[in-house]
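Colleague:
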Amino acid sequence: MIQQHISLKPYNTFDIDVKAESFVSVKTLEDLTVVLKTNPKKLLVIGGGSNMLFTKDIEGLVVHLDLKGIEIGEKSKKTTRVKVAAGENWHDFVLWSLQQNLGGLENLSLIPGNVGTAPIQNIGAYGVELKDTFVECEAMNLHTLEIETFSKADCKFDYRNSIFKSEVKGQYIIVSVTFELTHTDHKLKTSYGVINDELKKMNVKSPTIQHVSKAVIAIRQSKLPDPKRLGNSGSFFKNPVVTVSKFKELQSQFPNIPHYPVSEQEIKIPAGWLIETAGFKGKNFGNYGVHKNQALVLVNYGGAKGKDILNLSQTIQKAIDTIFGIPLEAEVNIL
Ligand code: EPU
């Protein structure tokens with residue numbers, strides 16, 4: 322049922338109180354098709370609302386995608402395919418996979434959002450990205466209302482990016498995602514130092530996928546605010562990539578600058594370090610600010626306006642450009 326002038330506060334993890342001109346929550350593909358056929362309005366589709374900042378009321382129709390279901394598919398000697406409906410909560414799905422002893426998603430534990438929106442920005446954490454276990458997704462073409470299948474190659478996954486955030490942005494709605502997970506011979510990825518440190522703290526000598534998940538959950542809980550308690554959208558900016566010569570220039574001025582090689586010519590610098598070094602970490606501006614444990618996360622302490630948070634992000638971008646000569650790109654979708 323389509324409702325008018327509905328607050329979107331319960332549908333975005335930043336807790337921003339804007340209104341949708343019209344709003345509908347859909348639980349089946351048939352309902353989605355009917356809604357799209359009969360509503361020629363401007364459309365915004367939301368899943369978990371965990372990667373968006375609303376800066377104004379939303380005109381047109383907001384469709385909350387609430388498709389549910391997990392199906393176990395083909396099995397090979399070592400792997401099992403699982404097809405998941407877009408509206409399933411990401412972390413609940415990760416926990417389900419671990420209960421089935423299916424491996425591959427443990428490093429991606431506790432990431433907010435839904436399964437259907439995960440491919441759009443190729444979610445990633447602790448050395449693993451969604452693309453590593455992704456097989457294909459089904460998406461509804463908004464012009465034809467037909468379901469099309471996108472292979473991994475079709476999706477053109479990159480760091481926090483895919484075809485759904487670039488070439489075909491706004492033209493499809495992802496309705497299901499199929500993963501290939503291991504049921505035996507799990508490949509643990511604990512190369513991120515913090516995971517090994519956490520496993521040591523937990524006294525784990527031969528880690529399982531379940532241990533790695535527990536370690537990741539503990540690390541995230543110590544750094545990242547729980548969106549259920551404090552409005553936020555995870556990392557607000559992407560980690561910038563600079564040329565080696567630009568990096569050398571920075572290193573001579575800031576000898577402790579953390580960095581990760583991306584290729585022979587390019588180096589990634591943690592935006593959190595840049596923002597902390599610029600003096601923003603833990604700064605409050607009334608009811609919004611920069612998180613005290615992770616400078617890459619902007620937070621809403623309650624009642625903040627999206628515009629205020631957008632202004633803060635722009636102030637940060639200007640400061641980082643002035644101090645380091647690096648343009649920071651928002652990771653969150655600004656609406
Ligand atoms: N750092 C600081 N100060 C800070 C935060 C970070 O100096 O306030 C420096 C430290 O040197 C730290 C390094 O940055 O060692 C990296 O920090 P962290 O491990 O927290 O990771 P990140 O690069 O800031 C990225 C992702 C996160 C993901 C983590 C772990 C992006 C934009 N963010 O953050 O993803 O959980 O790695 O893999 O790539 C998200 O996308 O919403 C998200 C939370």
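Residue 656, in this note's numbering, is where the sequence shown stops; the numbers in between run on with no holes. By construction, the Cβ of each residue, glycine as well, lies at the ideal position given by its N, Cα and C atoms.
1. Within the present structure, is the beta-carbon of TRP411 separated from the nearest heavy atom of ligand 3 by less than 6 Å?
2. PHE414 to GLY600, Cα distance in whole Å?
3. Taking only the alpha-carbon atoms, compute the straight-line gap between MET659 and VAL345 and give it to the nearest angstrom.
4. Quick check on ASP453: does DSSP put it in helix, strand or coil?
5. Looking at GLU467 and ligand 1, is the gap between the Cβ and the nearest heavy atom below 6 Å?
6. Which same chain residues end up closer than 8 Å to LYS399 when comparing Cβ atoms and leaving out the 5 residues on each side of it in sequence?
7. Give the secondary structure of ASP475 by DSSP, where H, G and I count as helix, E and B as strand, and everything else as coil.
8. State the DSSP-derived secondary structure class of VAL583, mapped to helix, strand or coil.
9. DSSP has GLN324 in a bridge; who is on the other side?
10. Give me, in chain order, the residues of the same chain whose beta-carbon lies closer than 8 Å to that of GLU650; leave out the 5 immediate sequence neighbours on both sides.
11. My understanding is that LEU431 touches ARG541, with C-beta atoms under 8 Å, so please give their C-beta distance in whole angstroms.
12. Let's test the definition: count the other Cβ atoms within 10 Å of the Cβ of LYS602 and tell me whether it reaches 16, buried, or not, exposed.
13. What are the partner residues of VAL620, as DSSP defines its beta bridges?
14. ILE444 and LEU426 look like a contact to me (Cβ under 8 Å); what is the Cβ gap, rounded to whole Å?
15. For ligand 1, is there any heavy atom lying closer than 6 Å to the beta carbon of TRP417?
16. Does at least one heavy atom of ligand 1 sit under 6 Å from the Cβ of ASN443?
17. Taking the alpha-carbon of SER554 as reference, which of GLU652, PHE485 and GLN638 has the nearest alpha-carbon?
18. Should GLY437 be labelled buried (16 or more other beta-carbon atoms within 10 Å of its own) or exposed?
19. Got a sec: does ligand 1 put a non-hydrogen atom nearer than 6 Å to the Cβ of SER556?
20. Hey, is GLN542 close to ligand 1, as in C-beta under 6 Å from one of its heavy atoms?
21. Alpha carbons only, please: which of LYS348, LEU382 and ASP352 is nearest the one belonging to GLN325?
22. Report yes if the C-beta of GLU488 is less than 6 Å from at least one heavy atom of ligand 1; otherwise report no.
23. Could you tell me which uninterrupted beta strand (DSSP E) segments, each at least 3 residues in length, are contained entirely in the region 340-400, listed from first to last along the chain?
24. Tell me whether LEU466 is buried or exposed, calling it buried when 16 or more other Cβ atoms sit within 10 Å of its Cβ.
25. Flag this pair as yes or no: are the beta carbons of GLN531 and VAL565 separated by less than 7 Å?
26. Measure the alpha-carbon distance for VAL620 versus GLU395 and round it to whole angstroms.
Modeller: Looking at the atomic coordinates:
1. Looking at this structure, you won't find ligand 3 anywhere; what it does contain is ligand 1.
2. PHE414 and GLY600 have their C-alpha atoms roughly 38 Å apart.
3. There is simply no residue 659 to check, as the chain begins at 322 and stops at 656 in what is shown.
4. Reduced to three states, the DSSP call for ASP453 is helix.
5. For ligand 1, not one heavy atom lies less than 6 Å from the Cβ of GLU467.
6. Same-chain partners within the cutoff: THR503, HIS504, THR505 and ASP506.
7. Three-state DSSP puts ASP475 in a helix.
8. Coil.
9. Under DSSP, GLN324 shares a beta bridge with PHE344.
10. Within the same chain, GLU650 has close Cβ partners PHE558, LYS559 and PRO561.
11. About 5 Å separates the beta carbon of LEU431 from that of ARG541, a gap short enough to meet the 8 Å contact definition.
12. The Cβ neighbour count for LYS602, taken over all protein chains shown within 10 Å, is at least 16; the residue is labelled buried.
13. The partner list for VAL620 (beta bridge, DSSP) reads ASN553 and GLY610.
14. Contact flag wrong, Cβ pair sits at about 10 Å.
15. Not one heavy atom of ligand 1 sits closer than 6 Å to the Cβ of TRP417.
16. It does not: the Cβ of ASN443 is nowhere closer than 6 Å to a heavy atom of ligand 1.
17. Here the closest residue by C-alpha is GLU652.
18. Classification for GLY437: buried.
19. SER556 Cβ: within cutoff of ligand 1.
20. No, the beta carbon of GLN542 sits no closer than 6 Å to any heavy atom of ligand 1.
21. With distances taken between CA atoms, GLN325 lies nearest to LEU382 out of LYS348, LEU382 and ASP352.
22. Incorrect: GLU488 has no Cβ contact closer than 6 Å to ligand 1.
23. Every beta strand (DSSP E) of 3 residues or more that sits fully in the region 340-400 is shown, in chain order, as 340-347, 364-367, 379-386 and 391-396.
24. When all chains shown are included, LEU466 counts as exposed.
25. No, the Cβ-Cβ distance between GLN531 and VAL565 is not below 7 Å.
26. Distance between the alpha carbons of VAL620 and GLU395: 42 Å.
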